Amino acid sequence: MASSRFTARLRQTLALAALAGCAFGAQAKIEQVRFAVDPTYPPFESKTPQGKLVGFDIDLGNALCEQMKTKCVWVESQFDGMIPALKARKFDAILSDMGITEERLKQIDFTVPLYDTKTQLIARKGSGLLPTAESLKGKTVGVEQGTVQERYALAKWQPHGVNVVPYGDQAQVESDLISGRLDVVFTDAAQAANGFLKHPQGKDFELAGPIVEDPIIGPGTAIGLRKGDEELKTALDNAFAEIKKNGTFDKIQKKYFATDISIQH
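What the sequence shown shows, in mature numbering (1 follows the signal peptide of the UniProt record, and there is no 0), is residues -28 to -1, 1 to 237, in sequence order.
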């Protein structure tokens, strides 16, 4: 119920913001947008052996910039340091599979929700483990620092005898799962299904148990912005509405995901 109330409030706020954006459609040209990304998180963002940034969020950001007729600049950053770095103006926006949560809304603003991926465990095939404190008691759970998965695991599981281990990036989490130092990983289900589990090193693992939904995890993913940056918010919201309407968003998501991750109203 708390989750549905939060989602309803959020949608109302975003709807009002969108109306305000339409009312003040004329705006100054934005010359460039510096997006922060964590390149250890395929298929959202990763690097080729040649060092080129690729992934769903990269294609999405480039499409938004093209629609806005502005230059995209990509800034690599560890996920858990993105909000402080955004506030310090090291970049203009966070486009790195960052979920909208009440806690984050106290510090930063968000665009309209862009997409909605789910949260789930990765475990060895046949483990039978579930995303509950009872099932995970005495087990070691890996999470990426700064994520909603970390917040949830620390709040809901750690007090009940679950060992929660945060990591600086997703690649380290997956490495320790393969080596057996972790029993499970708690992560973005789309990231797992279309990244780790599609690679040879993920062959002995699977998504385990049901999807976890909770207000801590939030109602979807958006672009993080500094408080009060209405000009950029309006420009990005309008650009996103256009690429949704003209089919560009659908084309990009189908390139990376087998299931529809668009926001369902």
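Think of the CB as a built atom: it goes at the ideal place given N, C-alpha and C, for glycine as much as any other residue. Bear in mind the structure is a predicted one, so any value in this text is a computation, not a measurement.
Counting other Cβ atoms within 10 Å of its Cβ, Lys205 reaches 16 or more and is therefore classed as buried. A contact between stretches requires three or more CB pairs, one per stretch, nearer than 8 Å, and the region 206 to 213 meets this requirement with the region 36 to 43. The Cβ atoms of Phe158 and Gln121 lie closer than 8 Å to each other.
About 19 Å separates the beta carbon of Ala125 from that of Glu178, a gap too long to meet the 8 Å contact definition. Apart from sequence neighbours up to five positions away, the residues of its chain that approach Lys128 with a beta-carbon distance below 7 Å are Ala105, ordered along the chain. Taking a 10 Å sphere around the C-beta of Ala211, we find 16 or more other C-beta atoms and assign the residue as buried. Look at Glu185 here: in three-state DSSP terms it is coil, with no helix or strand label.
Of the candidates Arg6, Leu58, Phe7, Leu25, Leu25 places its Cα closest to the Cα of Pro14. Rounded to the nearest whole angstrom, the CA to CA distance from Leu154 to Trp46 is 32 Å.
Under the Cβ criterion (8 Å, minimum of three pairs), the region 139 to 148 does not count as touching the region 58 to 78. It is roughly 10 Å from the alpha-carbon of Thr91 to the alpha-carbon of Gly190. A straight-line Cα-Cα distance of about 20 Å links Val136 and Thr12.
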